[in-house]
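Following: one structure in structure tokens, then a few remarks.
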Amino acid sequence: MVNDSTSKEAYLFAYHKCVKAGKLTGKTMIKLLKWAVVKGWNKISASNTNRHGKQRIKQLIRKDQGVTSVDVSKTELRDFQKVARKYGVDFAVVKHLNEKPPVYSVFFKAKDQDAITDVIRAYTQKKLMKEQRPSLLEHLHKLKEKVASAPRKVIHRAKEKVR
5 MVNDSTSKEA YLFAYHKCVK AGKLTGKTMI KLLKWAVVKG WNKISASNTN RHGKQRIKQL
65 IRKDQGVTSV DVSKTELRDF QKVARKYGVD FAVVKHLNEK PPVYSVFFKA KDQDAITDVI
125 RAYTQKKLMK EQRPSLLEHL HKLKEKVASA PRKVIHRAKE KVR
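The sequence shown begins at 5 in the numbering used here and counts up one residue at a time.
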């Protein structure tokens, strides 16, 4: 993908230079090739080193820092990814195909071990908070009962005749 965009840019650059000059000379061709090589190398090197957050397993392994993994179920995966992005950890998600309830392995760089422990701690804390949170429907039913049992104010509506 990087090479496609680089070749497209090189083609457009050559086209504009040829239109300006009227013909493609040796010097123009050398400038064009130098420009394409420099531009292409910058993009390729930047694409490998600057990736953060969720990525493919191959990209994570290419960083040559080793990987560790944690198994997560599908229902927990989304929250886990949010917390991992919040902590700026590089990770890759792989689905186990042979297990019927889907189980995912989340791979991290081994270098981020401290951040991984923080991510897991924050995730478990978030999950416990969700479980301990009182039900909103139960609270709503209690309030309805309280309103129903409260005495109602009687309003007398009578028209007064004024002369």
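Think of the CB as a built atom: it goes at the ideal place given N, C-alpha and C, for glycine as much as any other residue.
Within its chain, find whatever has a CB closer than 7 Å to the CB of residue i; leave out the 5 residues flanking it on each side and keep chain order.
{"i": "Arg89", "result": "Gly57"}
{"i": "Gln59", "result": "Asp94, Ala96"}
{"i": "Val76", "result": "Phe84, Tyr108, Val110"}
{"i": "Glu13", "result": "Lys43"}
Specify the secondary structure class of residue i as computed by DSSP and reduced to three states.
{"i": "Thr72", "result": "strand"}
{"i": "Tyr108", "result": "strand"}
{"i": "Lys113", "result": "strand"}
{"i": "Lys67", "result": "coil"}
Ends of the beta strand (DSSP E) at residue i?
{"i": "Ala162", "result": "Segment: none, Ala162 is in no beta strand (DSSP E) and carries neither H nor E."}
{"i": "Val151", "result": "Counting along the chain, Val151 falls outside any beta strand (DSSP E), though it belongs to the alpha helix (DSSP H) covering 140 to 153."}
{"i": "Lys99", "result": "95 to 99"}
Name the two residues that bound the continuous alpha helix (DSSP H) containing residue i.
{"i": "Ala126", "result": "117 to 136"}
{"i": "Ala88", "result": "78 to 90"}
Taking the alpha carbon of residue i as the point to measure from, which residue in the options has its own alpha carbon closest?
{"i": "Lys104", "options": "Lys31, Ala154, Lys78", "result": "Lys78"}
What does a CB cutoff of less than 8 Å around residue i pick up in its chain, not counting 5 residues either side in sequence?
{"i": "Phe17", "result": "Leu36, Trp39, Ala40"}
{"i": "Ile124", "result": "Val74"}
{"i": "Pro106", "result": "Ser77, Lys78, Lys99, His100"}
Practice problem: Examine the Cβ distances between the segment 115 to 133 and the segment 90 to 104 and report whether three or more of them are shorter than 8 Å. | Solution: yes
Quiz item: Counting Cβ pairs closer than 8 Å, one from the segment 75 to 88 and one from the segment 98 to 110, do we hit at least three?
Solution: yes
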